[in-house]
Amino acid sequence: MKDILAMWLDEKGMLGVIERKDERFGSSYHPIQADEKRKEMVIINNLWYTTYTGARHYFRLNTNDYRVSGRMQKVDVVHRALRESS
Numbered sequence: 106m107k108d109i110l111a112m113w114l115d116e117k118g119m120l121g122v123i124e125r126k127d128e129r130f131g132s133s134y135h136p137i138q139a140d141e142k143r144k145e146m147v148i149i150n151n152l153w154y155t156t157y158t159g160a161r162h163y164f165r166l167n168t169n170d171y172r173v174s175g176r177m178q179k180v181d182v183v184h185r186a187l188r189e190s191s
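Using this note's numbering, you'd call the opening residue of the sequence shown number 106 and step up by one each time.
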């Protein structure tokens, strides 16, 4: 995955949000989850939001099974493998 500007992960490092460079909006934000089999982070259902808060609120919806553990912290994106879900 290219054009990653920032990443935030929960305390377990399993769920988070990434910020990507976007030509139309400047930045787009995507909820992500860890794929333990492939040791990668994957965008959940190809979802995107125009704000970090929008992507963060996705995890608060009662309509999905994703639950963040603790607070999200900003992490170094250089050493993380990311891919888009199909």
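Glycine residues also receive a C-beta, built at the ideal position from the N, C-alpha and C atoms.
Using the beta-carbon count (16 or more within 10 Å), is His-135 buried or exposed? buried
Distance between Ser-133 and Met-146 (C-alpha atoms, nearest Å): 16 angstroms
Continuous alpha helix (DSSP H) stretch holding Arg-161: start and end: 157-163
With C-beta atoms as the reference, is Ile-137 less than 7 angstroms away from Val-182? no
Exposure of Asp-170, with buried meaning 16 or more beta-carbon neighbours within 10 Å: exposed
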